[in-house]
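In the working numbering, the protein residues as written are 18 to 251. Built from N, CA and C at the ideal position, the CB exists for glycine as well. Bear in mind the structure is a predicted one, so any value in this text is a computation, not a measurement.
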Ligand SMILES: C[S@@+](CC[C@H](N)C(=O)[O-])C[C@H]1O[C@@H](n2cnc3c(N)ncnc32)[C@H](O)[C@@H]1O
């Protein structure tokens, strides 16, 4: 069990700090702002705009506070997009830590509080419909032991930073991500590290460096596509 402390980030939203790793769950500049920009705008909405599909499957590495899941569920409702969302967590939050998470209050949607409550209340290892457009499977396990017969359209890669958990950013791990995606699937992360970008390219992704969330220079988006029109950047 990791010791975690509550912090308030730059946009007023809460996050957690892990003293032993000297790592935070989100950007100190703004947890909500970063999650909305990296995973929803540059990930989910990007994929949705490209495909105009009516359903999508998302795999998240690192469920944590449930913020990405909540934002994806809110997007699903707004856009009437059916989402199957599978997420892994090795070190779930305690009930006390969960009580600190007030993202639903900040988002202020009609059904947001109910959805956020359900995202956390629903059992691990069971697929459940959290809302008419959002199906969730939370798995209490490490990504190292994870195997799936399901292929995904999108991966939200939200591990702790490379300095804290380098093994989760290895070429081998990126290869697993590649194998988990359908053709034209998209991997997205706040991470902008050069070695991670090179690993993604090495396993076959076409990688884009995008402007980062406020306070961060860059982030990465990678597409599993042989005929991708994006320019490969050195
Ligand atoms: C940067 S935090 C992001 C959390 C989450 N996406 C959120 O918005 O709160 C990284 C998360 O990965 C989890 N984690 C760390 N090592 C893991 C592993 N080996 N397998 C699965 N999850 C892991 C941590 O416990 C933490 O919840």
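Original post:
With 16 other CB atoms within 10 Å as the buried threshold, where does residue 206 fall?
Top reply: Classification for residue 206: buried.
Original post:
Cβ of residue 73 within 6 Å of any heavy atom in ligand 1?
Top reply: No - ligand 1 has no heavy atom lying nearer than 6 Å to the Cβ of residue 73.
Subject >> Cβ shell of residue 181 (< 7 Å), same chain only, five flanking positions each side left out >> reply: 38 and 40
Original post:
residue 103: buried (16+ other C-beta within 10 angstroms of its C-beta) or exposed?
Top reply: buried
Subject >> Straight-line gap, residue 134 to residue 70 (C-alpha atoms, nearest Å) >> reply: 28 Å
Original post:
Quick one: complete beta strand (DSSP E) runs, 3+ long, within the region 95–143?
Top reply: 99–105
Subject >> the region 167–184 touching the region 118–127, judged by at least three CB pairs closer than 8 Å >> reply: no
**OP:** Whole angstroms is fine: what's the gap from residue 53's alpha carbon to residue 86's?
**Re:** 11 Å
**OP:** Use the C-beta contact count for residue 199: other C-beta atoms within 10 angstroms, 16 or more gives buried, fewer gives exposed.
**Re:** exposed
Original post:
Per DSSP, residue 3 is paired with what?
Top reply: No information on residue 3 is available, as it lies outside the stretch 18 to 251 that the chain covers here.
Subject >> Any non-hydrogen atom of ligand 1 closer than 6 Å to residue 107 Cβ >> reply: yes
Original post:
Looking at residue 175 and ligand 1, is the gap between the Cβ and the nearest heavy atom below 6 Å?
Top reply: Distance from the C-beta of residue 175 to the nearest heavy atom of ligand 1 is below 6 Å.
Subject >> Coil, strand or helix - residue 196 by DSSP >> reply: helix
Subject >> Bounding residues of the beta strand (DSSP E) (the contiguous stretch that carries residue 226) >> reply: 223–228
Subject >> residue 140 versus 36, 215, 208 and 106, residue with shortest Cα-Cα distance >> reply: 106
Subject >> Neighbourhood of residue 226 by C-beta distance below 8 Å, restricted to the same chain and skipping five residues each side >> reply: These residues qualify, in order along the chain: 209, 214, 235, 236, 237 and 250.
Original post:
ligand 1 heavy atoms versus the CB of residue 129: any closer than 6 Å?
Top reply: no
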